[in-house]
Amino acid sequence: MSGKEKSSDTSFPENTLRPKKIEDYVGQEKIKKHLLVSISSAKIRKEALEHIIFYGPPGLGKTTLANIIANEMGVNIKSSSGPAIEKQSDLVSILSNLEEGDILFIDEIHRLKPQIEEILYTGMEDFSVDIMVGTGTGAQGVKLPLKKFTLIGATTKLSCLSSPLRDRFGNILKLDFYSDQEIGKILQKNSQTINLNLDDIIVKMLAKRARGTPRIANRILKIIRDYHTIGKNIYEQKELENILYDIGIDSLGLDYLDRKYLQTLLEKFAGGPVGLGTIAAAIGEEESTLEDVVEPYLLQVGFIERSPRGRKITFSGKEHINQ
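This note's numbering numbers the first residue of the sequence shown as 1 and each following residue consecutively.
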């Protein structure tokens with residue numbers, strides 16, 4: 001198997017890998033159609049978009065979509081995260097500095113403190129917030145008007161949002177894992193951007209290892225770019241398989257932690273069922289890491305099952321780990 005470099009320039013322009021327009025975004029077809037209608041309608045009405053929340057496993061494009069929406073609407077976007085907004089005054093400051101139609105993007109919105117969530121209720125609904133002016137007995141509440149804005153939230157745990165906050169989003173959109181074909185298109189496009197010329201067989205091989213996740217596909221692309229830079233022949237299938245094996249990525253994209261999870265479930269707990277907390281303690285990882293990062297893909301490929309009694313490895317999961 002062979003391929004040729006387009007250029008000796010192997011720089012990796014990170015920002016250029018993110019699409020800027022909906023038409024350039026690969027995958028999530030239902031969401032794209034919905035957003036095109038919402039954006040077109042808002043622009044015709046000359047109003048801010050309805051608030052949006054994206055949810056789903058990490059790395060599927062929630063942040064990218066938020067930036068695309070801002071670009072399509074021709075407005076500014078201010079980005080923050082749930083853990084970064086520590087006080088009510090932090091959020092009030094952010095909201096009060098937004099211009100008409102601007103977008104506020106909050107990643108990990110499920111990690112906002114309850115008292116900070118409450119500020120968002122009136123901010124999202126009435127475009128105003130109540131603040132206290134003065135100190136001590138002389139303090140009084142004042143309603144601070146806000147410019148009409150759009151809040152875009154991103155979360156891996158929609159159920160962790162309070163009902164009052166969740167109900168204020170006009171659009172609740174779930175991102176799904178990508179097909180191998182969609183990941184292949186992303187890899188083909190981005191490999192050309194960084195001056196690598198991968199043939200279809202190599203692209204398919206990498207796509208199968210990307211776990212249906214663009215972020216992982218791009219991470220693999222970075223890794224093979226580095227090996228290419230130091231002179232490895234990434235265009236030869238056997239050489240590329242050895243590289244992926246060396247960095248711990250197997251034929252279906254499972255890494256060390258995924259395999260450790262399955263091995264622990266199979267060998268220490270006879271395949272289950274067993275509780276997540278027990279598995280986490282045995283592996284030495286946080287429950288949230290296993291639940292948010294490891295389990296979604298293992299469930300997707302049918303290697304584990306979840307039930308009220310706990311986690312259980314499936315026959316196909318046993319087969320894969322015993323290969």
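We put the CB at the ideal spot given by N, CA and C, even for glycine. Keep in mind that this is a model prediction, so the values were computed, not measured.
Quick one: what does DSSP say A154 is sitting in, helix, strand or coil?
-> Looking up residue 154 in the sequence shown gives position 154. In this structure, A154 counts as strand in the three-state DSSP scheme.
CB A66 to CB F127, shorter than 8 Å?
-> One-based indexing of the sequence shown puts residue 66 at position 66. One-based indexing of the sequence shown puts residue 127 at position 127. Cβ atoms of A66 and F127: not closer than 8 Å.
Indicate whether the contact test is met: 3 or more Cβ pairs, each with one atom in the segment 101-119 and one in the segment 64-84, closer than 8 Å.
-> yes
Please name the residue, chosen from H228, S179, F315 and P19, that lies closest to R209 on a Cα-to-Cα basis.
-> The sequence position of residue 209 within the sequence shown is 209, counting from 1. Selected option, being the one with the closest Cα: S179.
Three-way DSSP call (helix, strand, coil) for Y245 in this model = The residue you call residue 245 lines up with position 245 of the sequence shown. Three-state result, Y245: helix.
Indicate whether G56 and P214 have their beta-carbon atoms separated by less than 8 Å.
-> Locating residue 56 in the sequence shown gives position 56, counting from the first residue. Locating residue 214 in the sequence shown gives position 214, counting from the first residue. Result no, Cβ atoms of G56 and P214 do not sit closer than 8 Å.
Nearest-angstrom beta carbon gap, I183 and A217 [assumed within contact, 8 Å] | Position 217 of the sequence shown, counted from the first residue, corresponds to residue 217. Position 183 of the sequence shown, counted from the first residue, corresponds to residue 183. About 5 Å; that satisfies the 8 Å criterion.
Considering D107, what are the terminal residues of the beta strand (DSSP E) in which it resides?
-> Here the question's residue 107 lines up with position 107 in the sequence shown. Where D107 is concerned, the enclosing beta strand (DSSP E) stretches over I103 to D107.
Report back the beta-carbon spacing between I22 and L36 to the nearest angstrom; my notes put them in contact at under 8 Å.
-> Within the sequence shown, numbered from 1, the residue matching residue 22 stands at position 22. Within the sequence shown, numbered from 1, the residue matching residue 36 stands at position 36. Indeed, because the Cβ distance is near 6 Å, the residues count as touching under 8 Å.
For G231, which three-state DSSP category applies?
-> Position 231 of the sequence shown, counted from the start, is the residue given in the question as residue 231. Looking at G231 - three-state DSSP - the assignment turns out to be coil, as it is neither helix nor strand.
Option in T63, F54 and T289 with minimal Cα separation from L175 | Along the sequence shown, read from residue 1 onward, the residue named residue 175 stands at position 175. If we check each option's Cα against that of L175, F54 comes out closest.
Using the rule of at least 16 other Cβ atoms within 10 Å of the residue's Cβ for burial, across every protein chain shown, is K6 buried or exposed?
-> Locating residue 6 in the sequence shown gives position 6, counting from the first residue. Summary for K6: the model assigns pLDDT 36, below 50, so the residue's position carries little reliability, and this model does not support an answer.
In terms of residues, what are the limits of the beta strand (DSSP E) holding F383?
-> This structure leaves residue 383 out entirely; the chain is present only between 1 and 323.
Helix, strand or coil: how does DSSP classify Y55 here?
-> As a working mapping, residue 55 is identified with position 55 in the sequence shown. Looking at Y55 - three-state DSSP - the assignment turns out to be strand.
Taking the Cβ atom as the reference point for each residue, do K260 and I243 lie within a distance shorter than 8 Å?
-> As a position in the sequence shown, residue 260 is number 260, starting the count at 1. As a position in the sequence shown, residue 243 is number 243, starting the count at 1. Their beta carbons are not under 8 Å apart, which means K260 does not touch I243 by this criterion.
Specify, as a first and last residue, the run of the beta strand (DSSP E) that K87 falls within.
-> One-based indexing of the sequence shown puts residue 87 at position 87. Careful: K87 lies outside any beta strand (DSSP E) and carries neither H nor E.
Whose C-beta lies closer than 6 Å to the C-beta of L206 among residues of the same chain, with five residues either side of it excluded?
-> Stepping through the sequence shown from its first residue, residue 206 is reached at position 206. Excluding sequence neighbours, L206 sits near L187 and I220.
Grouping DSSP H, G and I as helix and E and B as strand, with all else coil, what is K30?
-> Taking the sequence shown and counting its residues from 1, one reaches residue 30 at position 30. Three-state DSSP puts K30 in a helix.
Beta-carbon proximity list for P19, same chain, < 8 Å, skipping 5 on both sides | Within the sequence shown, residue 19 is the residue found at index 19, counting from 1. Y25, V26, T64 and I68, listed in sequence order.
In this structure, does DSSP put R18 in helix, strand or coil?
-> Against the sequence shown, residue 18 aligns to sequence position 18. R18: coil per DSSP, three-state reduction.
Distance, N197 Cα to S8 Cα = On the sequence shown, residue 8 is found 8 positions in, with the first residue counted as 1. On the sequence shown, residue 197 is found 197 positions in, with the first residue counted as 1. Unreliable placement is indicated for S8, whose pLDDT of 36 sits below 50; the coordinate value is still reported in the next sentence. Roughly 12 Å separates the two Cα atoms.
Relative to the C-alpha of L300, which residue among G212, I94, K30 and T150 is closest?
-> As a first step, residue 300 must be located in the sequence shown, where it is residue number 300. Sequence inspection shows Gln at residue 300; the Leu mentioned does not correspond to that position. Considering only alpha carbons, the answer is G212.
Residue interval of the beta strand (DSSP E) (run including R311) = To locate residue 311, count along the sequence shown from 1; it is residue 311. Looking at the DSSP string, the run of the beta strand (DSSP E) that includes R311 is G310 to I313.
Cβ contact (3+ pairs, closer than 8 Å) linking the segment 277-286 and the segment 43-51 | no
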